[in-house]
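Chains as they are written, first to last, in my numbering: chain A, 63 to 330; chain B, -13 to 260. Built from N, CA and C at the ideal position, the CB exists for glycine as well. Given the structure is predicted, the values throughout are model-derived calculations rather than measurements.
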Amino acid sequence: MINKIFYRIINTIFVAYYWFVIVFLLFPILIVFPISFVNSKYLEFPPKNFSFRWYINYFNDTDFFVATFNSIYLGLGATIVATSIGTMAALGLSKTNFIGKKIIFGFLITPLIFPLIILALGLYIFLARFDAIENFYMLIIAHSALVMPFSLIIVSTSLQSFDVTLERSARVLGANPWQAFWKVTFPYIKPAVYSSAIFGFFVSFDELIIALFISGKIWTLPQRVWQDLRYEIDPTIAAVAAILISATFVGILLGTILQKQAMRFIEK
Amino acid sequence: MKKKYLLILPAIILTLIIIVFPVFELLKSSFFDPEFTLRHVEKFFSKYLYFKVLINTVKISFFSTLFCFILGYPTAYFIAHSGKKFQSFFLFLILLPFWISILIRTYAWMAVLGKEGVINTIFVALGIFSEPVRMLYTTGTVYLAMVQIMLPIMILTCYSTMIRLEEDYVKAARVLGANPFKAFYRIYFPLSFPGVASGSIIIFILSMGFFITPALVGGKKDMMVGNLINFQINQLLNWGFASFIGVILLITTLLIVILFIILTRYKMNNNFSS
């Protein structure tokens, strides 16, 4: 009996703790939405009237418009490069057991935990030697390196449960390696590839530090936001933030569902 | 089957170009100008200010990691031990802020805590504050924002070790007479420690290189090494010295991480053998 009450209390404490953490994580993010709909330049409480003024401001601002499209192109470019290269590496590393495998895997995921400020600085000095600063393609390649580990990790995990004999049977039955890959292996890892592409897109789309150092006058959306946050903040940023948060929510929901699908065989 | 290794090649080349060459370049420009020089080394150690920024960075990173552990470990435990049905929903709520841009999350704190921010506006309107209180540009806000940004990482790494943990060992300890606290402390915690360790290492490394958040919500005295590097480049155009600070940051981070690994290994071994 005492035991039961004891566990009840412990359980309640854990539930409360979890929701406290969730409020801490989500409250500041959600507060951006009401702010983006105010009509005045400053916050007012209670809010007097509702308006789309700052959203209209965002859509009419050429600077923001250009920056948004730069970021979308950058995100798409980096995602395509990184997902292909990352998936290839995952395929190359799977089903093999050579000595250096762990080392290579570790090496390939270093961009995930390498301090970006150091990377950005080194990259600037490196690229400056080849006169490759303010080059959009260079920016895409740099972002690809940051995004690639996500594909590598997610696709590798999904490949762990892949039965190699399937691909081998396809080959025995006369398929060439290319056909065997697209007809047998790819359908299996497809959800993992797509979900890693979604996650990767957001990594690149949101990246500020490297873009700040090497993109010169080609401004990405995070750079444009950064500029505003440092000098003058007006609620247009709240509108941008609200749009980005909503887009991220939809993307991540989709990515998570796809990833669940990719893991369906592992759980069984 | 040799051809298979060719698939790894593009990834290796990409990582070489974007990580290895730049780091090499960084090392070069901090010691060569164009001949070998120790100018930047002398400069760094001649002024206490630079060293203070480094110490401050280590301090902020250490406490951010600690706070993430305190908040994250019980949360991960709760998620890992809740019903299968709710687990993915609980996890999704943690994942969502993780994927929202750091810049936007930092802005959100500015909107909440600023002079014209949500808390000040509401509290003044309700008469709790007589005038707006300065909360932005303080050390406390730097911690608040950094912990909020890093916390999901700790929860995810802890969670992933907890769901794979052999619950039987804990049961065995209980059957053999250990009380729940002892079973947790002697069995469960050591078994889940790899998650804590990898979360801590990742958060510590990322915090050491933090730059956006302290620049936006911190005061002058909350300057971190990342901001110092940016200042050297943007205001003083001193690339060589900025590179040397980068090298110092890298070495300090590496040494602390190695120390952490050695210390925790030692402690873990002791725990199991005694």
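- Close to chain B, meaning a Cβ-Cβ distance shorter than 7 Å, are the following residues of the stretch 132 to 163 of chain A: Ile147, Gly148, Met150, Ala151, Leu153, Gly154, Leu155 and Thr158.
- Per DSSP, the unbroken alpha helix (DSSP H) holding A:Asp290 starts and ends at Leu283 to Tyr293.
- Along the length of the stretch 98 to 170 of chain B, whole alpha helix (DSSP H) runs at least 4 residues long occupy 104 to 111, 125 to 148, 153 to 161 and 166 to 169, reported in chain order.
- For B:Ser16, the enclosing alpha helix (DSSP H) has its first and last residue at Phe7 to Phe17.
- Taking 9 Å as the threshold, the shortest C-beta distance from A:Lys252 to chain B does not fall below it.
- Counting the other Cβ atoms within 10 Å of the Cβ of B:Gln134 gives 16 or more, which makes it buried.
- Listed in chain order, the non-local C-beta contacts of B:Met140 below 7 Å within the same chain comprise Cys54, Phe55, Gly58, Gly185 and Ile189, local neighbours out to five positions each way being set aside.
- Contact of A:Lys322 with chain B is assigned, a C-beta pair being separated by under 9 Å.
- Per DSSP, reduced to three states, the secondary structure at B:Phe190 is helical.
- When rounded, the separation of the alpha-carbon atoms in A:Phe112 and A:Ala300 is 14 Å.
- Our two residues, B:Leu(-5) and B:Leu2, have alpha carbons roughly 10 Å apart in a direct line.
- Two segments are said to touch when three or more pairs of C-beta atoms, one from each, lie closer than 8 Å; by this definition the stretch 147 to 155 of chain B touches the stretch 169 to 187 of chain B.
- Cβ-Cβ distances below 6 Å link B:Phe115 to Phe109 in the same chain, with the five nearest sequence neighbours on each side left out; the list follows chain order.
- Per DSSP, A:Val128 is one residue of the alpha helix (DSSP H) stretching across Thr124 to Leu155.
- With 16 or more other Cβ atoms inside 10 Å of its own Cβ, A:Val143 counts as buried.
- For the options B:Asn216, B:Ile237 and B:Val233, the alpha carbon positioned closest to that of B:Leu13 is the one of B:Val233.
- By the C-beta criterion, the stretch 283 to 301 of chain A is judged not to be in contact with the stretch 215 to 233 of chain A, since fewer than 3 inter-stretch pairs fall below 8 Å.
- Nearest to B:Ile231 by alpha-carbon distance, out of B:Phe217, B:Ile242 and B:Ile244, is B:Phe217.
- Membership of A:Met200 in the alpha helix (DSSP H) is indicated by the continuous run Phe198 to Leu221.
- With respect to the 9 Å criterion, A:Ser266 and A:Gly317 are not classified as neighbours on the basis of their beta carbons.
- B:Thr61 places its beta carbon less than 9 Å from that of A:Val83.
- Between A:Leu283 and A:Leu306, the C-beta gap is smaller than 9 Å, which places the two residues in contact.
- Nearest to A:Gly168 by alpha-carbon distance, out of A:Ile215, A:Tyr135 and A:Leu201, is A:Ile215.
- Under a criterion of Cβ atoms nearer than 7 Å, the residues of chain A adjacent to B:Ala97 are, in order, Ile93, Val94, Ile97 and Ala300.
- Within the stretch 273 to 288 of chain A, Pro284, Val287 and Trp288 place their CB atoms closer than 7 Å to a CB of chain B, listed in sequence order.
- When secondary structure is reduced to three states using DSSP, A:Phe86 falls in the helix class.
- The stretch 7 to 23 of chain B makes contact with the stretch 173 to 186 of chain A, as at least three CB pairs between them are under 8 Å.
- Each of B:Gly205, B:Thr107, B:Phe167 and B:Leu142 was checked against the Cα of B:Thr127, and the nearest Cα belongs to B:Gly205.
- A:Gln285 counts as buried, since at least 16 other C-beta atoms from the protein chains shown sit within 10 angstroms of its C-beta.
- Cα atoms of A:Ala151 and A:Val217: separation of roughly 9 Å, rounded to the nearest angstrom.
- Look at A:Phe160 here: in three-state DSSP terms it is coil, with no helix or strand label.
- The three-state secondary structure of A:Phe112, taken from DSSP, is strand.
- In this structure, B:Val182 places its C-beta atom within 9 Å of the C-beta atom of B:Thr143.
- Burial state of B:His26 is buried, judged by a 10 Å Cβ sphere holding 16 or more other Cβ atoms.
- In the three-state reduction of the DSSP assignment, B:Phe22 falls in the strand class.
- Proximity of A:Val234 to chain B, defined by a Cβ-Cβ separation below 9 Å, is not satisfied.
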